[in-house]
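Structure, as structure tokens:
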Amino acid sequence: MMTRRFWFLFFLVFLILLSLPLWGSSFYMFLVTEIIALSLFAMSFDLIYGFTGMLSLGHATFFGTGSYIFTLSILHWQSNLWVSLLLAIIGSAIIAWVIGFFAVRARGTNFIVITIIFSLVIFYLSFYYKSITGGDDGLPLKVPDLGLGFLSISIHDNPMANYYLVLAIVSLCYLFYWRLIASPMGRLFLAIKSNEERTQYIGFNTLKYRLISFVISGAFSGLSGALYSMTTHYTNNKLLHWTTSVDVVVWTIVGGAGTLIGPIMGAWIFTFFREFISFHFKQYPIVIGMVLIFFIIFVPQGILGYLLGLIRRERK
Amino acid sequence: MSEYLLETRLLTKRFKGVVAVDRVDFHLMKGKLHAIIGPNGAGKTTFFNLVTGGLSSTEGRIFFQNEEITHLPSHEISKRGVARTFQITSIFRDLTVKGNIWIGALSCKRFVGPFSEASRILDLQSKTEEIMGLLNLQDKQSVVAENLSHGDQRLLEIGIGLSTEPHVLLLDEPTAGMSAEESTRTAERIKKLSEKITILIIEHDMDVVMGIADLITVFDQGRVIAEGSPTEIQENPAVQEVYLGT
Amino acid sequence: MDSILNLQEIHTFYGKSHILHGITLAVHENEIVCLLGRNGVGKTTTLKSIMGLTPANRGNIFFQGRDITRIQDYLIPRLGIGYVPQGRHIFPDLTVRENLKIGIVGNKVQVKTYEEIFSYFPILRERLNQLGGTLSGGEQQMLALARALVPNPTLILLDEPTEGLMPRMAKLVVEIIQKINRTGVSILWVEQKLVTVTEVSHRIHLISKGRVEYQGTPGELIQNREIQLRYIGVKV
Numbered sequence: 001m002m003t004r005r006f007w008f009l010f011f012l013v014f015l016i017l018l019s020l021p022l023w024g025s026s027f028y029m030f031l032v033t034e035i036i037a038l039s040l041f042a043m044s045f046d047l048i049y050g051f052t053g054m055l056s057l058g059h060a061t062f063f064g065t066g067s068y069i070f071t072l073s074i075l076h077w078q079s080n081l082w083v084s085l086l087l088a089i090i091g092s093a094i095i096a097w098v099i100g101f102f103a104v105r106a107r108g109t110n111f112i113v114i115t116i117i118f119s120l121v122i123f124y125l126s127f128y129y130k131s132i133t134g135g136d137d138g139l140p141l142k143v144p145d146l147g148l149g150f151l152s153i154s155i156h157d158n159p160m161a162n163y164y165l166v167l168a169i170v171s172l173c174y175l176f177y178w179r180l181i182a183s184p185m186g187r188l189f190l191a192i193k194s195n196e197e198r199t200q201y202i203g204f205n206t207l208k209y210r211l212i213s214f215v216i217s218g219a220f221s222g223l224s225g226a227l228y229s230m231t232t233h234y235t236n237n238k239l240l241h242w243t244t245s246v247d248v249v250v251w252t253i254v255g256g257a258g259t260l261i262g263p264i265m266g267a268w269i270f271t272f273f274r275e276f277i278s279f280h281f282k283q284y285p286i287v288i289g290m291v292l293i294f295f296i297i298f299v300p301q302g303i304l305g306y307l308l309g310l311i312r313r314e315r316k
Numbered sequence: 001m002s003e004y005l006l007e008t009r010l011l012t013k014r015f016k017g018v019v020a021v022d023r024v025d026f027h028l029m030k031g032k033l034h035a036i037i038g039p040n041g042a043g044k045t046t047f048f049n050l051v052t053g054g055l056s057s058t059e060g061r062i063f064f065q066n067e068e069i070t071h072l073p074s075h076e077i078s079k080r081g082v083a084r085t086f087q088i089t090s091i092f093r094d095l096t097v098k099g100n101i102w103i104g105a106l107s108c109k110r111f112v113g114p115f116s117e118a119s120r121i122l123d124l125q126s127k128t129e130e131i132m133g134l135l136n137l138q139d140k141q142s143v144v145a146e147n148l149s150h151g152d153q154r155l156l157e158i159g160i161g162l163s164t165e166p167h168v169l170l171l172d173e174p175t176a177g178m179s180a181e182e183s184t185r186t187a188e189r190i191k192k193l194s195e196k197i198t199i200l201i202i203e204h205d206m207d208v209v210m211g212i213a214d215l216i217t218v219f220d221q222g223r224v225i226a227e228g229s230p231t232e233i234q235e236n237p238a239v240q241e242v243y244l245g246t
Numbered sequence: 001m002d003s004i005l006n007l008q009e010i011h012t013f014y015g016k017s018h019i020l021h022g023i024t025l026a027v028h029e030n031e032i033v034c035l036l037g038r039n040g041v042g043k044t045t046t047l048k049s050i051m052g053l054t055p056a057n058r059g060n061i062f063f064q065g066r067d068i069t070r071i072q073d074y075l076i077p078r079l080g081i082g083y084v085p086q087g088r089h090i091f092p093d094l095t096v097r098e099n100l101k102i103g104i105v106g107n108k109v110q111v112k113t114y115e116e117i118f119s120y121f122p123i124l125r126e127r128l129n130q131l132g133g134t135l136s137g138g139e140q141q142m143l144a145l146a147r148a149l150v151p152n153p154t155l156i157l158l159d160e161p162t163e164g165l166m167p168r169m170a171k172l173v174v175e176i177i178q179k180i181n182r183t184g185v186s187i188l189w190v191e192q193k194l195v196t197v198t199e200v201s202h203r204i205h206l207i208s209k210g211r212v213e214y215q216g217t218p219g220e221l222i223q224n225r226e227i228q229l230r231y232i233g234v235k236v
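Protein chains in written order, with the working numbering: chain H, 1 to 316; chain Y, 1 to 246; chain W, 1 to 236.
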């Protein structure tokens, strides 16, 4: 993928994103901020699904948990933005470790079922402890100012600052994932996805590495939830709901699993779609469902997978 | 005892009512090309699975390089230097030939980290090149494993095993599905490899077995019924009876 | 004598694994023809290719003069070919009665009555309502044979029908197979042990590495110790 064409497109897109606040309306800037946060969620899901071969249908657990830890720590405990974000990451990582401990000992369908069960339990807990979580009413929050040494930048009242903060963090995460994929551990994830038994017979404890993949994915999914709530100034347990879990799966399959960028594309496409079609067509989830079925049957490699296939054939 | 690389004592595996492996005492000597043969249902593959940690034994003990490995999981046994291939080819189909071998080479590293760039790790690169050269696969290094011929896939599987730098190579029916000519070539390759590494092979192809094995163990109904050189085994009446039923 | 079954240069692959390298053989009416060879040579694959379970990639299979090479697997038994697979594969959670009834499904032919089945396999009369999984090995083998016999086949394919049976049971099974053959059913029998089939088969084929390497009557083969050792034993 390291072609000149790719780099050109990549920098073009980044330049557009970087300059958006200068020419985009505040509505679009808000929407794009949301999508960038969701892109991190998408990338994190791709790590376990597209790169390690584990399908989780409960990833909203980490997204929502990160959002809640971020929000609750600001509402009840302290008012340092960095600390809250950090707590969101650590908290999600711990939850991912606990769930992963059980989940990775299962394969295929059983793995999926375990992720669903934990997800449902946590969702219902959020209703049970409505006094803390606000249930589906949710909790509004006031985002603390960003402290950079002696500088203090308002995030809550400054959408542009918010935008650049989210962009910066997610870009760094993207770089991290990019390095991870190219590393020996990244190659090992791919081997596990390709043939887990064979990987064991080479001498690798595949449970350990699947757990590592799961925890990294969970931690960054939590961060994306925190960034999402930071942007929307709000959290509610819809972020823990199974429909959120399905969202990220749909983005990944349609965009193209195992490419990091494919799922990001999926997040963009479907968020825009939802934003503009839901107005005119209340039953838009049906359309999403049909699109998903179409892709699973005819284009299982997703949009990006399909395009990459074309490029490869063109080269020959 | 010390010259035995692999040893089993009274190794037994019972399934519901069936004794697949029955109190087997087996010894594999270092540097030898040792073959296991036997009619259908003799317990040969079950034996392999027990020894490589794929199945847990009912009774008995297994030793590798004088260390007891009886209850270790498969990845722990592999780490100690036991590499195996499967009767039905088990490779990384969506990775390239080079990618396949590279993962095997990676297993020798104590730490698999998320930070260095995989393709820049020099010693892994050179090891991969070396193994590909050994098996004459370097011209196909960028071919996705799925697209290789059957014979090359079988070879790649052996290559993955070799790249883990094992002390012993366990081959399960390496010539399965090959024509007579391909079997002969594969047999020659295996014989050449045996100069550098101890090999234990399950085979049904008698031309291959008699041609390359130093020592042959014959299994029947889960038990060892004979052991000896190819000539001895061919002359052994008990073995004839087991195969011919006369 | 007409040939009931004719295999011409059959090549079968499992994925990329080339198992049958050109099998050619014929079974004539009322014959018992045996395929012998060590394991891994393609005996079972030959039967599976005939039944369409692992269809032949090259070559042709003719049954009663009709080309059945590409016919779908579930239609082949309806043509009059019965199959008794290696390991019996009766349905353990169904009763003996239900196992036998399965032999009728989809068939429009005249099927054997229970009485006719019991005349071959008296032991099944007592076991009619028992679950298949509770039968002994020998009884399961009887059931598998009976199930294949129910739709009155013209040809039956047997894969190591005496494997794992006690000598007494094995002898009984062989006798029943002979009885079936005498009523006009042709038999193609895959076996590993020569001694099991020398008394009952009309012709024996020896298979090695996916090819028929030798063909002859039992009498001829018994004389030829060298060939026996070469293709069934351990001689090279």
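Cβ coordinates follow ideal geometry from the N, Cα and C atoms, glycine included.
It should be emphasised that the depicted structure is a prediction, and the values quoted were computed from it without experimental measurement.
Bridge partners of residue i, per DSSP?
i              : result
residue 130(H) : Looking at the DSSP assignment, residue 130(H) forms no beta bridge with any residue, so it has no partner.
residue 189(W) : 34(W) and 158(W)
residue 235(H) : 139(H)
residue 35(Y)  : 201(Y) and 216(Y)
residue 228(Y) : 216(Y)
residue 6(Y)   : 28(Y) and 64(Y)
Grab the span of the beta strand (DSSP E) containing residue i for me, first residue to last.
i              : result
residue 57(H)  : It is not in any beta strand (DSSP E) - residue 57(H) carries neither H nor E in the DSSP assignment.
residue 215(W) : 211 to 216
residue 313(H) : Segment 302 to 315 is the alpha helix (DSSP H) holding residue 313(H); no beta strand (DSSP E) there.
residue 18(W)  : 17 to 28
residue 45(W)  : Where residue 45(W) is concerned, there is no enclosing beta strand (DSSP E), although the alpha helix (DSSP H) it sits in stretches over 43 to 50.
residue 4(W)   : 3 to 14
residue 152(H) : 151 to 153
residue 59(W)  : 58 to 63
Could you work out which residue in the options is closest to residue i when comparing CA atoms only?
i              : options                           : result
residue 21(H)  : 64(H), 282(H), 258(H) and 167(H)  : 167(H)
residue 221(H) : 315(H), 92(H) and 53(H)           : 92(H)
residue 142(H) : 120(H), 73(H), 136(H) and 134(H)  : 73(H)
residue 307(H) : 278(H), 52(H) and 256(H)          : 256(H)
residue 227(Y) : 28(Y), 12(Y), 21(Y) and 158(Y)    : 28(Y)
residue 24(W)  : 147(W), 119(W), 6(W) and 49(W)    : 6(W)
residue 185(H) : 211(H), 262(H), 240(H) and 162(H) : 211(H)
residue 51(Y)  : 42(Y), 40(Y), 63(Y) and 41(Y)     : 63(Y)
residue 176(W) : 195(W), 207(W) and 138(W)         : 138(W)
I need the boundaries of the alpha helix (DSSP H) containing residue i, first residue and last residue.
i              : result
residue 99(Y)  : 97 to 106
residue 146(H) : That residue, residue 146(H), is in no alpha helix (DSSP H); its beta strand (DSSP E) goes 146 to 148.
residue 110(Y) : It is not in any alpha helix (DSSP H) - residue 110(Y) carries neither H nor E in the DSSP assignment.
residue 27(Y)  : Looking at the DSSP string, residue 27(Y) is not in any alpha helix (DSSP H); the run it does join, the beta strand (DSSP E), is 18 to 29.
residue 231(W) : 225 to 231
residue 245(H) : 242 to 255
residue 117(Y) : Run containing residue 117(Y): none; DSSP gives neither H nor E here.
residue 162(H) : 159 to 182
Please report how far the alpha carbon of residue i lies from the alpha carbon of residue j, in whole angstroms.
i              : j              : result
residue 144(Y) : residue 198(W) : 49 Å
residue 200(Y) : residue 271(H) : 58 Å
residue 237(W) : residue 45(Y)  : Residue 237(W) lies beyond the residue range present for chain W, which begins at 1 and ends at 236; the question has no answer from this structure.
residue 258(H) : residue 164(H) : 27 Å
residue 206(Y) : residue 191(W) : 18 Å
residue 110(H) : residue 31(H)  : 36 Å
residue 48(H)  : residue 213(H) : 6 Å
residue 23(Y)  : residue 223(W) : 38 Å
residue 1(Y)   : residue 96(Y)  : At residue 1(Y), the pLDDT of 49 sits below 50, so the modelled position is not reliable and the matter cannot be decided from this model.
residue 183(H) : residue 120(Y) : 9 Å
residue 241(Y) : residue 174(W) : 20 Å
residue 244(Y) : residue 37(Y)  : 14 Å
residue 163(W) : residue 184(W) : 25 Å
residue 171(H) : residue 40(H)  : 9 Å
- Query: What alpha helix (DSSP H) runs, 4 residues minimum, are completely inside the segment 79 to 135 of chain W?
  - Reply: 96 to 102, 114 to 120 and 122 to 127
- Whole runs of the alpha helix (DSSP H) within the segment 40 to 94 of chain Y, excluding any shorter than 4 residues: 44 to 51 and 74 to 79
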